[in-house]
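Sequential numbering of the sequence shown, starting at 2, is according to this note's numbering.
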Amino acid sequence: MPCSTTKLEEARTYEAREGNAIPADDRPSFHLTPWTGWMNDPNGFCYYQGAYHLFYQYYPYDTVWGPMHWGHAMSTDLLHWTYLPCAIAPDTPADAAGCFSGTAVPTPDGQLILLYTGVQKVGKQDKQTQCLAVGNGTDFVKEAVNPVIDEDQLPAGGSSVDFRDPKIWYEDGQYHCVVSTRDAQDQGRILLYESPDARHWTYRTTLDRCRSEYGMMWECPDFFPLEGRQVLIVSPQEMEATPDGEFHAGYGIVALVGDYDKEQARFTRQWVQTLDSGMDFYAPQSVLTPDGRRVIIGWMQNWANTNDTPRRHRWFGRMSLPRELFLRGDRLCQRPVRELETMWKTTVRRSGVLEGEARYEGLSGRHLDLSLTLDATAQCSGFCLRFAEDGRHHTDIQWDPVKETLALDRSLSGSRRDFVHRREVPVQPREGKLTLRLILDNDCAELFVNDGERVLSAVLETPREADGISLYSEGALPFEMVQHDLA
Ligand code: FRU
């Protein structure tokens with residue numbers, strides 16, 4: 002069915018008019034926001050014909066969630082994005098109640114396939130199936146026979162109320178996809194399907210399930226090889242916090258790292274960890290870059306605080322900074338994409354011994370890439386990096402070397418809402434040092450600890466004029482600092 006429907010045309014006309022009227026400095030500089038209206042999950046993150054394409058869950062007409070469309074943007078450096086017209090709208094029987102999350106893959110003959118979840122109402126219930134649209138990078142035509150994976154292709158016990166978020170890839174001459182469902186015991190399950198043509202799919206196996214741990218329904222699966230291991234990433238609903246501080250309650254992001262026997266389609270987990278310990282990161286999706294890097298991007302928000310977050314602009318929701326994934330021992334780590342270095346405007350290095358409070362000439366701003374190396378063998382009993390600071394507001398990174406914990410605290414960042422403002426995680430020095438790298442882009446803060454062993458992301462409501470930065474140490478603390486202001 003061609004996509005030049007009224008609904009799609011309406012969305013395209015609306016977003017071009019409303020989106021272009023939003024001043025550029027209402028947005029962060031290099032974190033993608035919706036052209037206009039609402040954004041949640043990243044969708045269809047791919048590299049196609051010389052550029053990265055990123056689609057997103059999109060409701061153009063309001064800053065709250067509504068019938069899902071797919072927004073679309075393109076970039077050559079993963080940081081500067083150009084808006085493209087809305088890709089798909091909920092305009093066919095199989096997706097009349099929404100085009101939910103999914104992914105994209107280039108075909109061997111040069112087209113781009115979108116595999117997404119179509120939602121339709123059956124009585125009072127949602128029915129979710131997997132649908133296909135094919136295009137050339139801007140315009141997409143929905144398959145006449147959608148859905149391409151229907152409820153009768155669910156294994157016994159799988160629920161078509163929760164059957165969504167396909168991740169598609171092409172390998173060894175055929176298409177593969179993983180899809181989430183919830184089984185009769187309310188357990189999230191990741192299903193593997195295979196197809197010769199992306200239209201006719203066969204259920205192969207269940208790759209993993211939550212086994213009464215790691216939440217209930219698992220949303221937005223991703224599945225890929227990395228440095229000889231296999232990684233399954235899921236975004237569970239209804240997580241329980243764990244005593245070791247690895248997982249917090251509510252919506253989480255879980256990486257299951259293990260081995261994959263491709264012949265037998267058998268995934269064996271080796272370890273399980275989170276990917277972000279902050280307040281605002283969910284539903285990430287990855288792309289393989291032409292130079293072989295596995296890069297993920299997430300929705301920089303959390304469903305738990307979404308309704309309570311004030312709408313300050315005519316857009317709502319943003320993507321995280323894209324991050325390169327790598328393994329270090331038994332830990333899946335992340336670094337900001339190296340393209341960020343092309344945005345370094347100035348570089349200032351400082352070092353010394355910190356004791357009490359310190360401020361430095363030129364150390365301020367809300368567009369920064371700031372790295373600190375702290376001597377963890379020193380007689381320091383507490384350290385704080387304070388940023389987005391004015392007389393009334395600030396956000397803190399607090400390190401307790403005695404308890405070996407690190408906290409991101411935005412309690413005084415300007416929010417008037419009583420949701421989670423502080424998260425604390427265990428951290429251990431590496432080779433006698435703790436390293437912190439803070440990326441600030443206006444109201445987006447992302448902290449990479451010990452070269453990406455842990456990441457904490459948070460959105461701040463602090464007025465942009467609050468750009469002070471200060472350091473504090475209880476006891477003498479040798480440090481090195483590198484400050485890059487970002488263009
Ligand atoms: C995750 C999610 C997906 C779903 C989409 C709907 O944030 O709930 O499971 O496809 O959002 O917008």
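We put the beta carbon where it would ideally sit given N, CA and C, even for glycine.
Note on geometry: alpha-carbon atoms of residue 52 and residue 322 lie some 17 Å from one another.
For residue 439, the CB contacts under 6 Å within the same chain, skipping 5 residues up- and downstream, are 371 and 448 in chain order. Our two residues, residue 468 and residue 487, have alpha carbons roughly 14 Å apart in a direct line. At a threshold of 7 Å, residue 69 counts as near the ligand FRU, since its beta carbon sits closer than that to one of the ligand's heavy atoms. For residue 346, there is no enclosing alpha helix (DSSP H); the enclosing beta strand (DSSP E) has its first and last residue at 345 to 359. At least one heavy atom of the ligand FRU lies less than 7 Å from the C-beta of residue 101. Burial check for residue 403: the Cβ neighbour count within 10 Å stays below 16, so the residue is exposed.
The shortest C-alpha to C-alpha distance from residue 270 to any of 247, 305, 280 and 234 is the one to 234. Under DSSP, residue 459 shares a beta bridge with 446. In terms of Cα proximity to residue 139, the closest of 423, 325 and 13 is 13. By the Cβ test, the segment 105 to 122 is in contact with the segment 158 to 171, since at least three Cβ pairs between them sit closer than 8 Å. Contiguous beta strand (DSSP E) elements confined to the segment 156 to 241 occur at 164 to 172, 175 to 183, 189 to 196, 203 to 210, 219 to 227 and 230 to 237, taking only those with 3 or more residues. Going by DSSP, residue 304 is part of no beta strand (DSSP E) but of the alpha helix (DSSP H) stretching over 304 to 307. A distance criterion of 7 Å places the beta-carbon of residue 211 beyond contact range of the ligand FRU, judged by its closest non-hydrogen atom.
Residue 105 has its Cβ no nearer than 7 Å to any heavy atom of the ligand FRU. Collapsing the DSSP output to three states places residue 21 in a helix. The segment 273 to 313 is shown to contain whole alpha helix (DSSP H) runs of 4 or more residues at 304 to 307, in chain order.
Considered as a whole, the segment 22 to 70 harbours 38 to 49 and 52 to 60 as its complete beta strand (DSSP E) runs of no fewer than 3 residues, in chain order. For residue 453, the closest of 430, 178 and 364 by C-alpha to C-alpha distance is 430. A residue is called buried when at least 16 other Cβ atoms come within 10 angstroms of its Cβ; residue 272 does not meet this threshold and is exposed. For the options 347, 231, 313 and 392, the alpha carbon positioned closest to that of residue 333 is the one of 231. According to the DSSP assignment, residue 425 belongs to the beta strand (DSSP E) that extends over 423 to 427.
For residue 320, there is no enclosing beta strand (DSSP E), as DSSP marks it with neither H nor E. The Cβ atoms of residue 456 and residue 445 do not sit closer than 8 Å to each other. In the DSSP assignment, residue 481 falls within the unbroken beta strand (DSSP E) covering 469 to 487. In terms of CA proximity to residue 81, 31 leads the group 39, 137, 306 and 31. Per DSSP, residue 130 is one residue of the beta strand (DSSP E) stretching across 126 to 136. Sequence-distant Cβ neighbours of residue 400 in its own chain, meaning closer than 6 Å and more than five residues away, are 384 and 407. For residue 259, the uninterrupted beta strand (DSSP E) segment begins and ends at 255 to 262.
Taken through DSSP and simplified to helix, strand or coil, residue 379 comes out as coil. Separation of the CB atoms of residue 437 and residue 424 is rounded to 15 Å, and the pair is thereby denied contact status at 8 Å. The beta carbon of residue 54 lies closer than 6 Å to those of 47 and 75 in the same chain, with the five residues before and after it left out. Pairwise C-beta distances place the segment 18 to 26 out of contact with the segment 261 to 270, as fewer than three of them are shorter than 8 Å.
Looking from the CA of residue 186, the closest CA among 72, 159 and 175 belongs to 159. Annotation for residue 411: the continuous beta strand (DSSP E) segment containing it runs 406 to 413. Residue pairing by DSSP puts residue 400 in a beta bridge opposite 384 and 407.
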